[in-house]
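This report concerns only the one structure given below.
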Amino acid sequence: MGLLNHYALTWQYIADYFNGNPDVAGYEIMNEPWGGSNGVGSYFGAQILTPFYNQVISAIRSVDPSTSVYFEPDLLTTNGLPLTLGTVDDPNTVLSFHDYADKFLPGFGLGAQSASNAVQYGNSHNIPVFLSEFGSTNDYAHISDMLKIADQYRFGWAEWEYTDKGDITTTGGGYGWLVRDPDQPPTGDNVDAEKLATLAAPYPQEISGTPTTWSFDSTTGTFQFSYSTERADGLGSFDAGSRTTISTPLVEYPNGYQVSVTGGRVVSDPNAAVLTIASNDGADTVTVTVRPAG
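Per full-length UniProt numbering, the sequence shown starts with residue 1, numbered consecutively.
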């Protein structure tokens, strides 16, 4: 039995153990797979990584038929190189990608290129895309730029890292923590307040329809969002009154916010941490603008 078989059996054991656990959002097969001498070109992604993922997913599905599985392209794609993965044969999967291109190679627009490459793969294979890692820095302007890219392509994200205390994955340490010590309350000097203000941007949480665009201007505090009331699967539209929720963090709106809506109405309390919009009768499109109060 080869190493890949052992790896697949390991994942089978893990999936069997966690199957049915509501706190598990998904299984990510491997972090930043590196092709070594085969890393440049299409061979590693197409001929090694893709069949490897299919083998591992088959093992997972033998014990857990429903939990989403996340898989990553090869490491070099974090710096803007094209994805060379083939088709992963499971519909309940998510392309998970990392984007450090503009951090390591600034000025070339490679961060946006990495995101575009990932979105193209997701669209061509009809699966979601998730920016599962970026940041690792205290360059807040860079983080803000990455959030704008994520908004442009309308995918979710997770920034590296919450804390570096006890981090077994980062040997150097100090790579841009948000919370200094997770064993202490996340208040005062234990939180990087500027990073928190950068990351805690408004975003749509649940959408009764299909998103068209959203964006946040951190300078003015203005969040703009538009969505169609049509279902994403193309099977009709959501009923009038269906609700959409938007995160409106207190750190961005400490003095409250004002909302303007077309095609819908606000049904949440004033200045609620989660803004709730209900669509109007006959509305095909709903647009929402949130600004600081005053």
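Note that CB positions come from ideal geometry on N, CA and C, so glycine has one too. Since the structure is predicted, the reported quantities are computational estimates derived from the model, not experimental observations.
{"Query": "L147 (DSSP reduced to helix, strand or coil)", "Result": "helix"}
{"Query": "contact_flag[the stretch 223-241, the stretch 142-161] where n(CB pairs < 8 Å) is 3 or more", "Result": "no"}
{"Query": "Best match in N5, L76, D23 and F108 for proximity to I60 [C-alpha to C-alpha]", "Result": "N5"}
{"Query": "Per DSSP, cross-strand counterpart(s) of I57", "Result": "Answer is none; I57 lacks a bridge partner."}
{"Query": "Best match in G188, S96 and G20 for proximity to P33 [C-alpha to C-alpha]", "Result": "S96"}
{"Query": "DSSP-derived helix/strand/coil call for W11", "Result": "helix"}
{"Query": "Where A118 falls: helix, strand or coil (DSSP)", "Result": "helix"}
{"Query": "Candidates F18, T198, G26 and A240, of which the one nearest K148 by Cα", "Result": "T198"}
{"Query": "Span of the beta strand (DSSP E) around D217", "Result": "T210 to D217"}
{"Query": "Contact between the stretch 255-273 and the stretch 231-239 (3+ Cβ pairs under 8 Å)", "Result": "no"}
{"Query": "Cα-Cα separation, D99 to Q12", "Result": "29 Å"}
{"Query": "Spatial neighbours of P292 in its chain, beta-carbon cut-off 7 Å, leaving aside the 5 residues before and after", "Result": "G221, Y253, N255 and Y257"}
{"Query": "Buried or exposed by the 16-neighbour rule on C-beta atoms within 10 Å, applied to F108", "Result": "exposed"}
{"Query": "Spatially closest choice to P185 from T163, G176 and D167, by CA coordinates", "Result": "T163"}
{"Query": "Coil, strand or helix - T163 by DSSP", "Result": "coil"}
{"Query": "Alpha-carbon to alpha-carbon, D167 and residue 314", "Result": "Because the chain is modelled from 1 through 294, residue 314 falls outside the range shown and cannot be assessed."}
{"Query": "Separation of T219 from T169, as counted between CA atoms", "Result": "34 Å"}
{"Query": "T78 in three-state terms, based on DSSP", "Result": "helix"}
{"Query": "Reference S58; option with closest CA among A25, A200 and A8", "Result": "A8"}
{"Query": "Anticipated Cβ contact below 8 Å, G45 with L83, distance rounded", "Result": "7 Å"}
{"Query": "Residues sharing a beta bridge with I246, DSSP", "Result": "P204 and L275"}
{"Query": "The alpha helix (DSSP H) enclosing E194, as first and last residue numbers", "Result": "A193 to L199"}
{"Query": "Residues that DSSP places opposite E32 in a beta bridge", "Result": "Answer by DSSP bridge pairing: none, since E32 is not bridged."}
{"Query": "Separation of N190 from D90, as counted between CA atoms", "Result": "42 Å"}
{"Query": "Cβ-based burial, T10 [other Cβ within 10 Å; buried from 16]", "Result": "exposed"}
{"Query": "Where the beta strand (DSSP E) through F225 begins and ends", "Result": "T222 to S228"}
{"Query": "For G111 and T244, the rounded distance between their alpha carbons", "Result": "30 Å"}
{"Query": "Own chain, CB closer than 8 Å to K195, minus 5 neighbours either side, in chain order", "Result": "N138, Y140, I143, G176 and L178"}
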